[in-house]
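This report concerns only the one structure given below.
Numbering (our numbering), first residue to last: 73 to 384.
Following this line, the structure appears as structure tokens:
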């Protein structure tokens, strides 16, 4: 069996596992392997809460909802929404990006990076500019300029903005992120999770880490009791905040630098391998004769998730 790198980083008794989805928990074909399914269920059975913490919106969480036990909660849109997966992805809490602020960001990026196109993710769905890359277009989406999409006369004007997406056809992904933070970093939180120059913009201070910290505080869980997994820049704050964190074998260099440990790639079930080691170590600490031997199903198991734009 392939083992995780630097297992010495494992805490003795973690209380919560926080994992990103795409490029982390999910394989590249967007499936959840049988080994991973088994490891998640075993963690919950052992009393360790599992939180999915993702850039995905609630509407793209239907398949993994079967693998959240107990609380049924997930953190979506890079921390902008807490959703109940047991209730079909119902949004329970929102940390919105104010529309006036979003418009300021649009103006700043249009000036600094001509050719930028935008999409607006609301609690009710996503809307696009005409030049925004197709990805998975929503058939009921409004196609208009960002200024019109964010206008108070838009049909969904009462719906909170959970994320602004900005795409540039020529800039490098990291270069675009650095530029955006330079020209508008005081207005909003900027990150990325796509291999293209596609930025995800949230309200000031909103991130996977800050919302996860709030959820943990409600449960009396400290950062030292959290094990986190991620692969892209939108995971960096969460991996830094968690007491123990793992960069995937396929992770971005900034993620590797932020994490306290490394595991193997998402296609090799890197999250499941660490969970198996956590459970084995817990069994040893408890003096139990029962030992967790890990999953044996190494195939693609599980069901396919749909592809999408950023944070997917």
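Even glycine gets a Cβ: it sits at the ideal position worked out from N, Cα and C.
Cβ distance (whole Å) where residue i is taken to contact residue j below 8 Å
{"i": "residue 108", "j": "residue 352", "result": "Going by Cβ atoms, the distance from residue 108 to residue 352 rounds to 16 Å, so no, they are not a contact pair."}
{"i": "residue 118", "j": "residue 334", "result": "Contact doesn't hold; Cβ gap of about 23 Å is too wide."}
{"i": "residue 213", "j": "residue 199", "result": "5 Å"}
{"i": "residue 155", "j": "residue 164", "result": "6 Å"}
{"i": "residue 71", "j": "residue 166", "result": "An answer regarding residue 71 cannot be provided, because it is not within the stretch 73 to 384 covered by the chain."}
{"i": "residue 272", "j": "residue 306", "result": "6 Å"}
{"i": "residue 201", "j": "residue 229", "result": "About 17 Å separates the two Cβ atoms, so there is no contact after all."}
{"i": "residue 302", "j": "residue 327", "result": "6 Å"}
Buried/exposed call for residue i, threshold 16 Cβ in 10 Å
{"i": "residue 233", "result": "buried"}
{"i": "residue 147", "result": "buried"}
{"i": "residue 113", "result": "exposed"}
{"i": "residue 195", "result": "buried"}
{"i": "residue 105", "result": "buried"}
{"i": "residue 266", "result": "buried"}
{"i": "residue 215", "result": "exposed"}
{"i": "residue 92", "result": "buried"}
{"i": "residue 193", "result": "buried"}
{"i": "residue 342", "result": "buried"}
{"i": "residue 38", "result": "Within the shown structure, residues of the chain are numbered from 73 to 384, placing residue 38 beyond reach of any answer."}
Bounding residues of the beta strand (DSSP E) (the contiguous stretch that carries residue i)
{"i": "residue 180", "result": "Where residue 180 is concerned, there is no enclosing beta strand (DSSP E), although the alpha helix (DSSP H) it sits in stretches over 171–184."}
{"i": "residue 286", "result": "Looking at the DSSP string, residue 286 is not in any beta strand (DSSP E); the run it does join, the alpha helix (DSSP H), is 280–290."}
{"i": "residue 197", "result": "197–200"}
{"i": "residue 155", "result": "153–156"}
{"i": "residue 264", "result": "261–264"}
{"i": "residue 190", "result": "189–194"}
{"i": "residue 273", "result": "270–274"}
{"i": "residue 88", "result": "88–91"}
CB of residue i within 8 Å of CB of residue j, strictly
{"i": "residue 270", "j": "residue 237", "result": "yes"}
{"i": "residue 260", "j": "residue 275", "result": "yes"}
{"i": "residue 245", "j": "residue 263", "result": "no"}
{"i": "residue 310", "j": "residue 324", "result": "no"}
{"i": "residue 338", "j": "residue 144", "result": "no"}
{"i": "residue 161", "j": "residue 131", "result": "yes"}
{"i": "residue 205", "j": "residue 239", "result": "yes"}
{"i": "residue 279", "j": "residue 150", "result": "yes"}
{"i": "residue 288", "j": "residue 299", "result": "no"}
{"i": "residue 347", "j": "residue 191", "result": "no"}
{"i": "residue 122", "j": "residue 115", "result": "yes"}
{"i": "residue 222", "j": "residue 171", "result": "yes"}
Extent of the continuous alpha helix (DSSP H) run through residue i
{"i": "residue 160", "result": "Premise fails: residue 160 is in no alpha helix (DSSP H) and is neither H nor E."}
{"i": "residue 312", "result": "308–313"}
**OP:** Indicate whether the contact test is met: 3 or more Cβ pairs, each with one atom in the region 206–213 and one in the region 174–184, closer than 8 Å.
**Re:** The region 206–213 vs the region 174–184: no contact.
Subject >> Segment contact, 8 Å Cβ cut-off, at least three pairs: the region 87–98 with the region 308–327 >> reply: With a cut-off of 8 Å, the region 308–327 and the region 87–98 count as touching, because enough Cβ pairs lie within range.
**OP:** Report yes or no: do three or more beta-carbon pairs, one from the region 280–294 and one from the region 318–335, lie closer than 8 Å?
**Re:** They do not touch, by the three-pair rule.
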